[in-house]
Amino acid sequence: MIIGIPRESLPGENRVAATPTTVPALLKLGYEVVVESGAGEHAALPDHAYEEAGARIVGPGEAWKADLVLAVNEPTDDQIALMCSGAVLVTFLHPRQDLALTEKLAAAGITGLSMDMVPRISRAQSMDALSSMANISGYRAVVEAAFAYGRTFGGQVTAAGKVAPAKVFVIGTGVAGLAALGAANSMGAEVYATDVRPETAEQVQSMGATFLHVRTGDSDQGVSSDGYAKEASDDYNARAAELYMEQAGKDDVIITTAAIPGKPSPKLITAEMVAAMKPGSVIVDLAALGGGNCELTRPGESYVTDNGVTIIGYTDLPSRLPGQASQLYGTNLVNLLKLATPEKNGELVLNFDDEVIRTMTVCHENQVAFPPPPVQVAAAPQPVAKAETETPVVPEKNPRPWPQTFGIVAVLSIALIALLTFSPTEFVALFGTFAIAVVVGYYVVWNVTHALHTPLMSVTNAISGIIIVGAITQLGSESWGIRIVAALTVLIASINIFGGFTVTQRMLKMFRKA
């Protein structure tokens, strides 16, 4: 089959569905890849890079005639007309918002797989394009906020005085929210976050931010059966509004990320809250495509309110990082085709018994296949109280008779005394040192915390080095027996040294930035 990568026609769209890095992966699956000339131009991906990767460059409209078309945005009527009946289109089709497009594809005999319908299950994470784009949106939101904010994010102490860090408040700690708070924290800001799911507090705190709990008696908040956060209850919304109002007067930047698939975005930030914010503050509304979380958001625009608050409602944040967004989206598509090309022979196999394929397929064989059967996302299991069980009676082992133990100790003691009595004085001194070293070493090693065992390898390396030095001095001995023992000592100690340093090196790499 031939895969077509068209140039996106939506104004302002800079992404592309494949990059020179992902094309070889498609070729390994047995497909032939054609790329429309200029498809990667806005993502700094020239045509010759695709040709070097093994793709064939074609003219305008030719990519839409392929057996399998990989795109980013919804196709236009003219583009649908270019496609062949029986072809497969993989792109963002948004059937929840626009089922009419799905019906057009079905009428044209085109099979449509929607990338925004990837189920939120573990084995589909590598294909989850929504999460990939949300990750970029969260990062870019902080970049846009930093550009609009008239001060530095990080605190400083300079000769001209002390600069306080910016306070950033992130509402919603999904993929976009976590990416935003991570970026803001790395820039030195004081970051606060909240979410309808209190279980995300640990994730927030692990990234260096402070989680603000909404105190409510409603325990039915959390994740819905499809993997997304549930709609908040009226009680939660009322308590959350109090928190937002309190934070509005304190924070310099507010980033909202609350979106509900297929529904308008909930209104979280009111005009009254915006009025309470300081002049120069910034609101970045990542839910602007669904109407926005702020009452004053203008989707697709950035403007300054009468009281000096900048409200950013851009709906194309992933497209503002086209190179990275294209790479992540292209990788999502490659992972999808790996699933749908089990034989790696260039033939797409749509196995509708697979819940990932079935959920993504919105139309097939002139039939609309949306909505799909519900996919249940496994929730964390609740702790189950252990039933009281009778403790099995384990028969006690018969201890070793004390006369036998006493006899063994006595024999060893007599042998040791005899050895020391008839040995040279130098041997007795060395043996005493050896005995003390064994006792001290035992207590030193076994009293070390398990987390420090790897750093302990560095010390044992040094000790082994001392052993090698002593063994090398004995290699020149006149006794062959001593030479053999010394050589074995050098060999064994060398294994410990090289192995220990290898493990230590791996440990140190974990603390280095890539």
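First residue of the sequence shown? That's 3 in the numbering used here, and the numbers climb one at a time after it.
Quick reminder that beta carbons are idealized off the backbone N, C-alpha and C, glycines included.
Need the endpoints of the beta strand (DSSP E) that residue i sits in, please.
i, result
"Arg58", "Arg58 to Val60"
"Lys169", "Lys169 to Ile173"
"Ser304", "Ser304 to Val306"
Give me the DSSP bridge partner(s) of residue i.
i, result
"Ala162", "Note: Ala162 sits in no beta bridge, so no partner."
"Glu76", "Looking at the DSSP assignment, Glu76 forms no beta bridge with any residue, so it has no partner."
"Thr363", "Leu115"
Can you tell me which of the three DSSP states residue i falls into?
i, result
"Thr312", "strand"
"Ile5", "strand"
"Ala387", "Caution is warranted here: a pLDDT of 47 is assigned to Ala387, below 50, making its placement in the model unreliable, and no coordinate value can be reported."
"Tyr331", "helix"
"Ile123", "coil"
"Ile112", "coil"
"Pro13", "coil"
"Leu95", "coil"
"Gln369", "strand"
"Pro21", "Here the sequence assigns Thr to residue 21, which means Pro is not the residue at that position. Thr21: coil per DSSP, three-state reduction."
"Glu53", "helix"
"Val145", "helix"
"Val471", "helix"
"Leu70", "strand"
"Pro26", "helix"
"Val336", "helix"
"Leu341", "helix"
"Pro320", "helix"
"Asn463", "helix"
"Gln476", "coil"
"Glu349", "coil"
"Gly140", "helix"
"Thr104", "helix"
"Val377", "coil"
"Ala131", "helix"
"Gly325", "helix"
"Ala45", "helix"
Who are the near neighbours of residue i in its chain, counting only those whose CB is closer than 6 Å to its CB and skipping five residues on each side?
i, result
"Ile470", "Val492 and Ala495"
"Val518", "Outside the displayed range of the chain (3 to 516) lies residue 518, so it cannot be described from this structure."
"Ser328", "Arg17, Val18, Thr21 and Ala45"
"Gly140", "Ala178, Ala181 and Ala182"
"Gln81", "Trp66"
"Glu34", "Ile4"
"Gly293", "Pro266 and Ser267"
"Gly472", "none"
"Pro520", "No answer is possible for residue 520: the residues shown for the chain start at 3 and end at 516."
"Leu517", "Nothing about residue 517 can be reported from this structure: the residues present for the chain run from 3 to 516 only."
Quick one: residues in its chain with C-beta nearer than 8 Å to the C-beta of residue i, no 5 flanking neighbours on either side, listed in chain order?
i, result
"Val36", "Ile4, Ile5, Gly6, Ile7, Ala57, Arg58, Ile59, Val60, Glu64, Ala65 and Ala68"
"Arg241", "Val216, Arg217 and Thr218"
"Ala273", "Glu297 and Leu298"
"Pro26", "Ala55 and Gly56"
"Ser39", "Arg9, Asp49, Ile59, Val60, Gly61 and Pro62"
"Met512", "none"
"Arg142", "Leu319, Pro320, Arg322 and Leu323"
Tell me which residues share the same chain as residue i and place their Cβ nearer than 7 Å to its Cβ, disregarding the 5 neighbours each side in the sequence.
i, result
"Glu233", "Ile262"
"Glu2", "Given that the chain is displayed from residue 3 to residue 516, the structure contains no residue 2 and the question cannot be resolved."
"Tyr305", "Ile313"
"Gln158", "Val165"
"Leu2", "Outside the shown range of the chain (3 to 516) lies residue 2, about which nothing can therefore be said."
"Ala542", "There is simply no residue 542 to check, as the chain begins at 3 and stops at 516 in what is shown."
"Lys523", "Lying outside 3 to 516, the shown extent of the chain, residue 523 is not represented and no answer is given."
"Val377", "Pro121, Ile123, Asp228, Glu357 and Thr361"
Looking at the secondary structure, which residues open and close the alpha helix (DSSP H) in which residue i lies?
i, result
"Glu34", "Counting along the chain, Glu34 falls outside any alpha helix (DSSP H), though it belongs to the beta strand (DSSP E) covering Glu34 to Glu38."
"Trp66", "Here Trp66 belongs to no alpha helix (DSSP H), and DSSP marks it neither H nor E."
"Ala89", "Per DSSP, Ala89 belongs to no alpha helix (DSSP H) and is neither H nor E."
"Ala489", "Trp482 to Lys511"
Heavy atom of the ligand HEM less than 7 Å from the Cβ of residue i, yes or no?
i, result
"Val492", "With respect to small molecules bound, the structure shown includes none, and the ligand HEM cannot be examined in it."
Jot down the residue ranges of each uninterrupted beta strand (DSSP E) in the segment 178-261, minimum 3 residues, whole runs only, in chain order. The qualifying runs are 192-196 and 255-258.
Which runs of the alpha helix (DSSP H) at least 4 residues long sit entirely within the segment 404-451? Give them in chain order. Here the runs fully enclosed are 404-423 and 427-448.
Within the segment 262-298, ranges of the alpha helix (DSSP H) (whole runs, at least 4 residues): Complete alpha helix (DSSP H) runs here, min 4: 273-278.
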